[in-house]
Amino acid sequence: MTPDVALILGIDGLANGAVYLLAGLGLVLIFSVTRVVFVPFGDVAAFAALSLAAFETGRVPPTIGLVLVLTALALLTEIGSLVRRGESARIPKALLGWGVLPLVPCLLAWLASRPGVPAPVHIAVTVLLVVPIAPLLSRIVFQPIADASVLVLLIVSLALHFLLSGLGLLFFGPEGSRTQPLASGSLPLGDGFTVSGQVILMVASAIVLSGLFFLVFERTVAGKALRATAVNRVGARLVGIRPARTALLAYGCASLLAGLIGVLIAPVTTMYYDSGFIIGLKAFVAAIIGGLVSYPMTAIGALAVGVVESFASFWSGALKDVIVFSLLIPVLMLRSFVSVHAEEEEEEVDQ
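Numbering (the working numbering), first residue to last: 68 to 418.
Given below as structure tokens:
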């Protein structure tokens with residue numbers, strides 16, 4: 068391997084790592100607030116990429132149909148819950164929150180599918196269109212079992228991924244799609260070596276969004292509420308923070324990140340209805356490196372995953388995923404050695 072090849076692979080790894088960084092932040096955010104390993108995160112990103120491709124070909128994004136189905140299910144779930152609790156007076160508010168608001172991006176997407184709409188509008192509407200997906204899934208699937216164990220939530224999340232893959236096949240079909248580059252041109256680095264504008268855009272977007280992510284958590288009331296819920300759910304409830312609302316906010320922020328990821332990766336790889344699973348899985352490796360709690364360590368883990376994947380693809384394209392996922396073994400072993408293990412006290416049960 069020559070230095071030039073190593074430099075190319077390193078830059079490609081940073082671009083991949085930027086995507087995994089954003090996805091890892093979304094996974095850690097949801098897990099810290101709700102204890103859910105949100106496996107379908109990558110599916111939301113894939114739906115965003117396919118929606119943008121639909122706009123470029125002059126079609127109405129099939130994501131509209133998916134959002135409509137999820138909206139109907141979430142609305143029925145919320146109304147049923149209110150009726151069981153004897154709070155029928157809150158049904159009009161539920162109709163607005165779970166029935167009307169998710170349809171606004173659908174209307175915007177339908178209007179944006181007409182000819183002559185500029186590309187920046189398509190990008191913005193694409194991101195908005197997928198934002199309701201994760202909160203709707205949360206209301207339908209995870210909120211009713213919010214007090215279940217982490218293992219049960221993980222199993223349900225995995226099953227939800229396969230369900231979304233089937234819905235993706237139903238709405239989008241088996242064909243793959245790739246969009247036009249979001250940034251043209253390149254940056255020369257000397258000796259005839261250049262970096263494409265798309266790669267620069269991906270890395271810059273990761274840096275900017277990570278900075279905004281930090282500011283939201285440190286400077287806003289909503290960010291502090293998310294942090295409080297992540298640290299102590301019971302304590303947050305005692306001071307007036309509703310975990311259900313913070314969970315909804317966490318899912319919405321993660322869905323926004325997934326939409327941005329889909330827009331960024333759509334020009335660099337052909338996306339299919341099930342392409343999101345591998346993205347989410349590699350982001351999960353980065354999140355595991357961060358212990359599913361540390362955002363800085365997740366960011367470092369994401370960059371490490373991207374660089375390792377890039378160099379592994381050079382050595383053996385068939386084994387690159389195996390090499391990336393093998394990173395979990397030393398990380399888990401190290402965490403097992405350094406973690407403090409406490410023996411559970413056995414409780415005597417009087418017969």
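Ideal Cβ placement from N, Cα and C applies to all residues, glycine included.
Query, Result
"Whose C-beta lies closer than 6 Å to the C-beta of residue 140 among residues of the same chain, with five residues either side of it excluded?", "207"
"Assuming residue 231 contacts residue 110 under a Cβ cut-off of 8 Å, what Cβ separation, rounded to an integer in Å, is found between them?", "5 Å"
"Where does residue 105 fall in DSSP's three states?", "coil"
"Run the CB neighbour count on residue 163, radius 10 Å, all protein chains shown included, and call it buried at 16 or more, exposed below.", "exposed"
"Since residue 334 and residue 246 should fall inside the 8 Å C-beta cutoff, what is the C-beta to C-beta distance between them, to a whole number of angstroms?", "5 Å"
"On a CA-only basis, which of 176, 69, 93, 74 is nearest residue 354? Give me that one, please.", "93"
"Tell me where the alpha helix (DSSP H) around residue 322 begins and ends.", "310 to 332"
"May I ask you to list the residues that DSSP assigns as paired with residue 269?", "Residue 269 is not bridged to any residue."
"My assumption, with CB atoms under 8 Å, is that residue 100 sits in contact with residue 289. Please give the rounded CB distance.", "The Cβ separation is near 12 Å, so there is no contact."
"Pull the bridge partners of residue 254 from the DSSP assignment, please.", "262"
"Between 401, 70, 130, which has its C-alpha nearest residue 198's C-alpha?", "130"
"Which term fits residue 356, buried or exposed, when burial requires 16 or more other beta carbons within 10 angstroms of its beta carbon?", "buried"
"Excluding the 5 residues preceding and the 5 following residue 127 in the sequence, name in chain order all residues of the same chain whose CB lies nearer than 8 Å to its CB.", "121, 176, 177, 180"
"What is the DSSP secondary structure of residue 118, counted as helix, strand or coil?", "helix"
"Pull up the DSSP beta-bridge partners for residue 338, would you.", "244"
"Does DSSP classify residue 394 as helix, strand or coil?", "coil"
"I believe residue 112 touches residue 343 by the beta-carbon criterion, under 8 Å. Please report the beta-carbon distance rounded to the nearest angstrom.", "5 Å"
"Please classify residue 298 as buried or exposed, where buried requires at least 16 neighbouring CB atoms within 10 angstroms.", "exposed"
"Give me the residue from 166, 195, 268, 260 with the minimum Cα distance to residue 118.", "195"
"Candidates 166, 347, 382, 263: which alpha carbon is nearest residue 107's?", "347"
"Taking only three categories from DSSP, how would you classify residue 172?", "helix"
"Pull up the CB-CB distance for residue 239 and residue 340, whole angstroms please, since I reckon it's below 8 Å.", "5 Å"
"Verify whether the separation of the beta carbon atoms of residue 361 and residue 95 is less than 9 Å.", "yes"
"Could you give the distance in angstroms between the alpha-carbon of residue 186 and the alpha-carbon of residue 89?", "23 Å"
"Where do the ends of the alpha helix (DSSP H) carrying residue 374 lie?", "362 to 382"
"Where do the ends of the alpha helix (DSSP H) carrying residue 187 lie?", "186 to 197"
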